[in-house]
Amino acid sequence: GAHRARGTVITIDEPSTADRIVAPLHEFFPDLPIFVRARDLIHGRRLEAEGATQAVPETLEASLQLGAIAMTSMGTSSEEVTEIIQELRQDDHANLGSAVLG
């Protein structure tokens with residue numbers, strides 16, 4: 123069971139279902155790392171407030187992947203694309219979160 127787990131990953135497609143899982147899981151297992159798929163940045167922030175260790179917004183990830191494909195197809199080196207995407211991923215929560223949530 124969850125009491126022996128080193129972490130959990132939640133990738134449910136329905137945001138309300140993910141919401142209903144994270145809070146009780148965190149309540150019963152407060153030291154368990156919870157990594158969860160979020161619909162968007164606002165949903166991700168809500169999941170993190172409910173106890174998720176990290177929420178990954180699917181809309182942001184899809185945009186980053188699409189951008190990477192576009193940059194590669196336009197001749198940007200794979201090393202540069204990787205560097206750009208990593209930088210955006212590192213900055214996304216701090217910068218985008220501030221912009222969206224005020």
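Mapping of the sequence shown onto our numbering: position 99 corresponds to residue 221, and the numbering continues sequentially without gaps.
Backbone N, C-alpha and C define an ideal beta-carbon position, used for all residues, glycine too.
Residue burial classification, residue i (beta-carbon count within 10 angstroms, cutoff 16)
{"i": "L147", "result": "buried"}
{"i": "A192", "result": "exposed"}
{"i": "L163", "result": "buried"}
{"i": "E209", "result": "exposed"}
{"i": "I134", "result": "exposed"}
{"i": "G197", "result": "exposed"}
{"i": "L223", "result": "Any reading at L223 needs caution, since the residue's pLDDT is 45, under 50, leaving its predicted position unreliable; the model's value is listed next. Classification for L223: exposed."}
{"i": "A171", "result": "exposed"}
{"i": "A140", "result": "buried"}
{"i": "V144", "result": "buried"}
Closer than 8 Å to chain D by CB, residue i
{"i": "R167", "result": "The structure shown contains no chain D; it holds only a single protein chain."}
Secondary structure of residue i, DSSP reduced to three states
{"i": "A124", "result": "helix"}
{"i": "A177", "result": "strand"}
{"i": "F151", "result": "coil"}
{"i": "T133", "result": "coil"}
Assumed close pair residue i, residue j - CB separation to whole angstroms, cut-off 8 Å
{"i": "F157", "j": "Q187", "result": "With a Cβ gap of about 18 Å, F157 and Q187 do not count as contacting."}
Quick one: which unbroken beta strand (DSSP E) runs of 3-plus residues sit fully inside the stretch 160–212? Chain order, please. Assignment of beta strand (DSSP E) within the stretch 160–212, counting only whole runs of 3 or more residues, yields 176–179 in chain order.
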